[in-house]
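Numbering (the working numbering), first residue to last: 84 to 270.
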């Protein structure tokens, strides 16, 4: 964490984790300088490594393309249980790709999407994915520019996702309809 690694460093770090890793179950690559081009190496790491259970990629600069690559890897992964993508600024297209991956992945239990410039479009896609996902137990999606409209769609997905037990939507506006969905979920 916070080593100042660049995209080239990411490729060098991921290669041995693909070849020889039999013991390392948690990897913290947060607070580095990974940009969109690091996504390719991360996609390979996530899709091919069957030992890592926890991966922290928060506070990098993966943006749209990097998030799409990570999502592709996540869709193929069968062992990762925790993924932190907070503060990567990937927006709605990245959120949509993560949402698609959630419909394919059956192992992920904890996902952090805090502060990624996700608006209504991205929230709707994540909400739709939650309706199909039965493994996610914790979702953090706070500090994104999602309106009450987008929050309602997100909560519609939460209502259907039987596995979800923790939802962090701090700083998101919840209107009367959203409140009713939250009340219904808690019944």
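The beta-carbon is built from N, C-alpha and C at its ideal position, and this holds for glycine as well.
N- and C-terminal bounds of the beta strand (DSSP E) containing residue i
| i | result |
| --- | --- |
| residue 171 | First-last for residue 171: undefined, no H or E at that position. |
| residue 249 | 249-251 |
| residue 221 | 221-223 |
| residue 138 | 137-139 |
| residue 111 | 109-111 |
| residue 105 | Taken as a continuous stretch (DSSP letters only), residue 105 belongs to no beta strand (DSSP E), as it is neither H nor E. |
| residue 235 | Looking at the DSSP string, residue 235 is not in any beta strand (DSSP E); the run it does join, the alpha helix (DSSP H), is 231-243. |
| residue 194 | 193-195 |
Per-residue burial, residue i [other beta carbons within 10 Å of its own, 16 or more giving buried]
| i | result |
| --- | --- |
| residue 109 | exposed |
| residue 106 | exposed |
| residue 245 | exposed |
| residue 230 | exposed |
| residue 66 | Because residue 66 is not part of the residues shown, which for the chain are 84 to 270, the question remains open. |
| residue 113 | buried |
| residue 103 | exposed |
| residue 278 | No statement about residue 278 is possible, as the shown extent of the chain runs from 84 to 270 and does not include it. |
| residue 258 | exposed |
| residue 44 | Because residue 44 is not part of the residues shown, which for the chain are 84 to 270, the question remains open. |
| residue 93 | buried |
| residue 147 | buried |
| residue 154 | buried |
Extent of the continuous alpha helix (DSSP H) run through residue i
| i | result |
| --- | --- |
| residue 92 | 90-102 |
| residue 157 | 146-159 |
| residue 115 | Counting along the chain, residue 115 falls outside any alpha helix (DSSP H), and DSSP gives it neither H nor E. |
| residue 203 | 203-213 |
| residue 260 | 259-268 |
| residue 125 | 122-131 |
Neighbourhood of residue i by C-beta, 6 angstroms cutoff - its chain only, sequence neighbours within 5 removed
| i | result |
| --- | --- |
| residue 131 | 101 |
| residue 97 | 124, 128 |
| residue 197 | 169, 223, 225, 226 |
| residue 88 | 115 |
Sub-8 angstroms separation of residue i and residue j beta-carbons
| i | j | result |
| --- | --- | --- |
| residue 204 | residue 228 | no |
| residue 145 | residue 119 | yes |
| residue 211 | residue 182 | yes |
| residue 133 | residue 162 | yes |
| residue 185 | residue 166 | no |
| residue 238 | residue 207 | no |
| residue 152 | residue 117 | no |
| residue 150 | residue 121 | no |
Other residues of its chain near residue i: CB distance less than 7 angstroms, five sequence neighbours each side excluded
| i | result |
| --- | --- |
| residue 160 | 129, 130, 188, 190 |
| residue 241 | 213, 247, 250, 268 |
Contacts around residue i, its chain only, beta-carbon distance under 8 angstroms, and the 5 residues preceding and following it disregarded
| i | result |
| --- | --- |
| residue 260 | 231, 235 |
| residue 253 | 225, 226 |
Cutoff 8 angstroms: residue i Cβ touching any chain D Cβ
| i | result |
| --- | --- |
| residue 253 | You won't find chain D in this structure, because it holds only one protein chain. |
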